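Data block below; observations after.
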Amino acid sequence: MLNMARLKMPWVSCGHFPLFLCLFLPTLSSHALGNIYKRSAVQRAAARSVARMDGDVIIGALFSVHHQPSAERVADRKCGDVREQYGIQRVEAMFYTLDRINADQNLLPNITLGCEIRDSCWHSSVALEQSIEFIRDSLISIRDDKDGSKWCIDGTPSNQPPPSKKPIAGVIGPGSSSVAIQVQNLLQLFNIPQIAYSATSIDLSDKTLFKYFLRVVPSDTLQARAMLDIVKHYNWTYVSAVHTEGNYGESGMEAFKELAAEEGLCIAHSDKIYSNAGEKHFDRLLKKLRERLPKARVVVCFCEGMTVRGLLMAMRRREVSGEFQLIGSDGWADRDEVVEGYEQEADAGITMKLQTEEVQSFNDYFLKLRLDTNTRNPWFAEFWQYRFQCRIPGHPQENHNYQKICTGNESLKDNYVQDSKMGFVINAIYAMAHGLHDMHKELCQDHVGLCEAMDPIDGSKLLDYLLKTSFSGVSGEEIYFDVNGDSPGRYDIMNLQYVEELGRYDYIKVGSWHEGLLSISDYKLMANRTEMVRSVCSEPCSKGQIKVIRKGEVSCCWICTTCKDNEYVQDEFTCRACDLGWWPDDELAECKPLPLKYLEWSSVESIIAVVFSCLGILVTLFVTFIFIQYRDTPVVKSSSRELCYIILAGIFLGYICPFTLIARPTVISCYLQRLLVGLSSSMCYSALVTKTNRIARILAGSKKKICTRKPRFMSAWAQVVMAFILISLQLAVEVTLIVLEPPEPVKSYPSIREVYLICNTSNLGVVAPLGYNGLLIMSCTYYAFKTRNVPANFNEAKYIAFTMYTTCIIWLAFVPIYFGSNYKIITTSFSVSLSVTVALSCMFTPKMYIIIAKPERNVRSAFTTSDVVRMHVGDGKVAPCQSNSILNMFRRKKKNNNATGSTNPNGKSVSWSESGARPQGRGSSVFHRLSVHVRRQAVGQSQTAVIRPLTNASQPPESEYDAGLNTAPNGSHPDNKDLYNLSEGHDGGPQPPTTHEGGVPPSYSPPNLIDHSTDCPQGRPVDTLSSTVPDFDQFVIGTGNKLSPVTYKSSTNQLPLPLQGEAFPEEGSELEAFDLIQGFLCESATQEEEEEGVEEDLAHSKLTLLTPPSPFRDSLQAGGSIPGSPGSDKNPPFSQSMNYAPKQSSFTL
């Protein structure tokens, strides 16, 4: 029958009970059955004791009265020592509760509840064996009707007829989840409801597998959540896990791991062990746990109490104390028997305890129990001996291991601790009672006692009433079952500490967990420690860092990697870059827009640029005002004033550019930037190119052996038109670029951290205007270099050259800075300002100095040639340079005032000089004219005419004749000096003297030369010559004011040599100056053919200011001779000093 009972018989039910008896019982003789049960009863009595209490309804109970069998004795199913809290107290709690229920007239009135209590030994095989006894007693009566023998429970014969065995209505227990699963698998075959008081396995919530299972404790899912919340609360992200082999530990740990994975917690090491495993197994487990140190210091132990004790014992053997922070489940709770003797190893352990209050009424009942009075509990004598370490002589359960004799007066109050789950045991019994009460109330209405509907009790119907049961528990909490048969979860959090007041270790409540809400006191938990344990694989990353999990590692072991500057932490594993113009906030949690930057007026660079531009504007306006005020003075007129106005306008625009560049970019300011930057420079350099080009063209033409016609487009207005054409090209380029790229403010990102508001000027928009201006600068620099050696009076070309050299340096420095840095705006501003400042300083400072500081130099004479001008006369043939080629023979006199001639290839030369200062005057000057007569020489011979201004009146006459000519004719002032000394000499040697019949008056003014200055066309000083000059032989020097004809002894042909009139008329331009440059350079070309004597003479002469004197055409005829020349007689017929009546003119020879 025992083996038969172990079989799973799904067809067996209360309805099939008669069928089961009809099929099997007839096959056995009553005698055989009697013998079998007689022997089995003796064996059962010797092996297992049963506690019974009679009643109308019997409730079965499975309590772990003894410890589970040791590993060596599992096969024999021999249990260990008796247990007080989990065993004896729970047995007595059953009796206590039933007494109270039976005494309660409101609960199951007139119905008495009885019980049958069996020992499960906390082991599945023992519990299953005892559960079969529940089923057997329900199937077979122990009465042997045939022989009428009676047997007591202990197997001894009895004379009293045994009562009929009532079936079990339901079962309370067992405490272990794994044991409860095995028992439920058997009980649900017979529709017997089961209510557990401490089985918390998650598997038991599955109603498809365990339909008849209910419990007054929550599922381990809630406990696992509560334990995980504690781990999270203290940031323990890397923990080890240990659980007891069996359903309780496995299901609980599985729930914990699932929740930990969801929360990102990592399990460093997970292991399992039996509660009754040997020391070697626990030592091996401890060794594995220590391998994860020091990172994984927290050990989550979803274990039964004895498993925890085995681990503590291993710590004692390995002398490991304080290395681990243990977190235990409700299997440990606040049980003293778990840590007894190993408190130091378990110090600071955190445990979960099902929330319940201590049942004080039970304490009163239990502490009054005595050995001689407690006869309902068959294990009480064994417990008494174990508790007080004494023996009861003659008792069937006498323990001979103890020498002390029990007196029976021992007190249970000593070291008494109530079972932590006592309330749940009582509530489970009350739940069964309330279910029966509700069933009786509905099925047996107005019936006293049990009715036929409840005899026997249908388990399936009872289950329905149990699921609907709701009542107040022993501690006042509400007890009910959900659809899975579970009760709500409430836990107390306990901490093992050394209590100085008590002088021992004790469990202290430090918090609670109720329906997902954790409440814990760090102050209580840290009472005996200085710092909390750290249990992490990797330290949390700092702000702005993400976790990079190494391959093969758990998710809690990572390397912290810092996000880039422009990235924010999207999540703990991802950095996300902000878009351009955005930047992570201070918390690196999101991006925020960057503030727009542009050159502020308040910045140091802007202030410097603006102050510099303002000063430049003031200086430019001042220079412009002065040039307009003195526009008719020689300084202004000789500097191409129209082009100067264009340059000043470009300089002014250049100083305006910084204001448009620094201003906040708008559409208007962007247009102005694109136009003014290039236009201002092109205005300056276009005018300078035009001016230097004119000088260079004159230079190129004058170097030719044969002088060609005068260069074209040399007038002032032609130069202005050329300058405007060059400016228009720049303007056309800029307008084209504006059409292609309309200016507008845009955002620029020179770096990921900055966003600037700038104008949308592309590289082409910068390079094209800049390239054109660069072309102008290079052209101007080229022309300035070519014209660097013009006469000193035209040293403006040197200033232009210096301006261009400096400008090239500025722009060469500007280009790499502009394209190689982020300071484009301020670089452009300073470059433009410096460029126009250089032009303003170099081009206008010398002129302003003369106008303001040296007004005496602002006269025409300061812009004429030097004292000595040497002229080649030739033999009377037509000169190669035609009208203006005679200027090629101008030479500067040596510093001494001796009029000396020098030869040339033609054999003659003419030079003149003026000793002493020339008359100065604004708007008028002496208009000198002179007719020179030179004797005709042989073909191929040349002459040199030296025209010398007369010496001062204080100088002594060189001859007697000169001494007598002191009267100024025609009313001239007697102090008027002679204007010229004229002498002629032959290169080949002295000529025969010339005889004059008369003399030339000391002063002479030919009538045809009066007002000649007004007849000279502007700009053509050389071509405007007098067609005739009165011959000297028409006049003789007399003693009075009367002029007499002069008679020469030799008859010679005479050529008139008229002198040019006004070279710089009042309203004329400065073109004459450049015509004179051409003449000077033409003479330089012929100078190479002169002999060494001429070269030596020129080597000692220094050219000073060169402006055109009045040119004259050589009208000397061959055979003529000029008195007083080196080739004339020693005693000339007329005075060497001749005073002419001066005619007002604009320049002086």
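With mature numbering (1 follows the signal peptide of the UniProt record, and there is no 0) as the guide, the letters of the sequence shown map in order to residues -34 to -1, 1 to 1115. C-beta: ideal position from N, C-alpha, C; glycine also. None of the values given here were measured: they were computed from a predicted structure.
Can you check the region 35 to 106 for any alpha helix (DSSP H) of at least 4 residues that lies completely inside it and give the ranges in chain order? 55 to 69 and 90 to 105, all fully within the region 35 to 106.
Flag this pair as touching only if the region 814 to 827 and the region 777 to 791 have three or more C-beta atom pairs under 8 Å; answer yes or no. Taking 8 Å as the limit for Cβ pairs, the verdict is that the region 777 to 791 does not touch the region 814 to 827.
Among the residues of its own chain, which have a CB less than 6 Å from the CB of ASP300, if the five just before and after it don't count? Here the set comprises LYS319, SER386, MET460 and TYR473.
Taking Cβ positions, are ILE724 and VAL705 nearer each other than 8 Å? Taking 8 Å as the Cβ cut-off, ILE724 and VAL705 do not qualify as a contacting pair.
Which whole-angstrom value describes the C-beta separation of SER217 and ASP186, a residue pair presumed to lie in contact below a C-beta threshold of 8 Å? 6 Å between Cβ atoms; contact.
Alpha helix (DSSP H) segment containing ARG353, residue limits: Where ARG353 is concerned, the enclosing alpha helix (DSSP H) stretches over 346 to 354.
Is the beta carbon of SER579 sitting closer than 8 Å to the one on TYR611? SER579 is not a Cβ neighbour of TYR611, given a cutoff of 8 Å.
Within its chain, find whatever has a CB closer than 7 Å to the CB of ILE583; leave out the 5 residues flanking it on each side and keep chain order. Setting aside the 5 residues that flank it on each side, ILE583 is surrounded in the same chain by PHE618 and TYR621, each with a C-beta closer than 7 Å to its C-beta; the list follows chain order.
VAL701 classed as buried or exposed, judged by whether at least 16 other C-beta atoms fall within 10 angstroms: Answer is exposed; the Cβ neighbour count stays below 16.
Using 10 angstroms around the beta-carbon of GLU963, count the other beta-carbons present and answer buried if the total reaches 16, otherwise exposed. Here GLU963 scores only 41 on pLDDT, less than 50, and its place in the model should not be relied on; the value that follows carries that caveat. Classification of GLU963: exposed, given that the 10 Å Cβ count is below 16.
Identify which residue in ARG719, CYS541, ASP537 and VAL325 has its Cα closest to the Cα of MET388. Looking at the Cα atoms, VAL325 is the closest of the given residues.
Does the distance from the C-beta atom of ILE423 to that of ALA234 stay below 8 Å? No, Cβ-Cβ distance for ILE423 and ALA234 is not below 8 Å.
Taking C-beta to C-beta, are LYS513 and LEU554 nearer than 8 Å? For LYS513 and LEU554, no; Cβs fall outside 8 Å.
Since LEU79 and ILE25 are thought to touch, with beta carbons under 8 Å apart, how far apart are those beta carbons, to the nearest angstrom? A Cβ-Cβ separation of about 6 Å places LEU79 in contact with ILE25 under the 8 Å criterion.
Residues bridged to ILE622 [DSSP beta-bridge criterion]: Paired residue(s): none; ILE622 is not in a bridge.
Since HIS209 is in the alpha helix (DSSP H), which residue starts that stretch and which ends it? Not the alpha helix (DSSP H): HIS209 falls in the beta strand (DSSP E), residues 204 to 210.
Counting Cβ pairs closer than 8 Å, one from the region 175 to 195 and one from the region 218 to 233, do we hit at least three? Yes, the region 175 to 195 touches the region 218 to 233.
For the alpha helix (DSSP H) containing GLY737, name the first residue and the last one. In the DSSP annotation of this structure, the continuous segment of the alpha helix (DSSP H) that includes GLY737 starts and ends at 729 to 752.
Which of helix, strand or coil DSSP assigns to GLY964: The pLDDT assigned to GLY964 is 41, lower than 50, so where the model puts this residue is not dependable; a value taken from the coordinates is nonetheless given after this. In the displayed model, GLY964 falls within coil according to three-state DSSP, outside both helix and strand.
Whose C-beta lies closer than 8 Å to the C-beta of LEU565 among residues of the same chain, with five residues either side of it excluded? Closer than 8 Å at the Cβ level, and outside the excluded window around LEU565, lie GLU571, SER572, LEU627, ILE628, ILE791 and ILE792.
Confirm, please, whether the CB-CB distance from SER648 to LEU742 is below 8 Å. Less than 8 Å separates the beta-carbon of LEU742 from that of SER648.
If contacts are defined as beta-carbon pairs under 8 Å, then LEU74 and HIS406 qualify, I think. What distance do you get, rounded to the angstrom? In this structure, LEU74 and HIS406 form a Cβ contact; the two beta carbons are roughly 7 Å apart against a cut-off of 8 Å.
Three or more C-beta pairs under 8 Å: does that hold for the region 345 to 352 against the region 488 to 499? Cβ pair count under 8 Å is below three, so no.
Out of TYR651, VAL137, TRP683 and PRO709, state which residue places its alpha-carbon closest to the alpha-carbon of ILE634. The shortest C-alpha separation from ILE634 is found at PRO709.
My understanding is that ASP47 touches HIS32, with C-beta atoms under 8 Å, so please give their C-beta distance in whole angstroms. With a Cβ gap of about 7 Å, ASP47 and HIS32 count as contacting.
So, are the CB atoms of TYR178 and ILE138 less than 8 Å apart? For TYR178 and ILE138, no; Cβs fall outside 8 Å.
Near VAL414, which residues of its chain fall below 6 Å by C-beta distance, leaving aside the five closest residues on each side in sequence? Excluding sequence positions up to five before and after VAL414, its CB lies within less than 6 Å of the CB of ASN76, all in the same chain and listed in chain order.
Whether TYR214 touches SER327 by CB criterion (8 Å): Taking 8 Å as the cut-off, the Cβ atoms of TYR214 and SER327 do not count as close.
Taking buried to mean at least 16 other C-beta atoms within 10 Å of its own C-beta, is TRP88 buried or exposed? That one is buried.
Classify PRO184: buried if its beta carbon has 16 or more other beta carbons within 10 angstroms, exposed otherwise. With 16 or more Cβ atoms within 10 Å of its Cβ, PRO184 is classed as buried.
Spatially closest choice to LYS198 from THR527, GLN189, SER171 and GLY230, by CA coordinates: In terms of CA proximity to LYS198, GLY230 leads the group THR527, GLN189, SER171 and GLY230.
Quick one, which of TYR765, SER30, SER504 and ASP70 has its alpha-carbon nearest GLY53's? For GLY53, the nearest C-alpha among the options comes from SER30.
Given a threshold of 16 other Cβ atoms within 10 Å of its Cβ, counted over all protein chains shown, does VAL804 qualify as buried or as exposed? VAL804 comes out buried.
So which of PRO624, LEU654 and ASN365 has the shortest CA-CA distance to LEU641? Checked all of PRO624, LEU654 and ASN365; the closest Cα to LEU641 is PRO624.
Which first and last residues belong to the alpha helix (DSSP H) in which PRO550 is found? Element bounds for PRO550: not the alpha helix (DSSP H) but the beta strand (DSSP E), 548 to 550.
Roughly how many whole angstroms lie between the Cα atoms of LEU409 and VAL23? CA-to-CA, the gap between LEU409 and VAL23 works out to about 15 Å.
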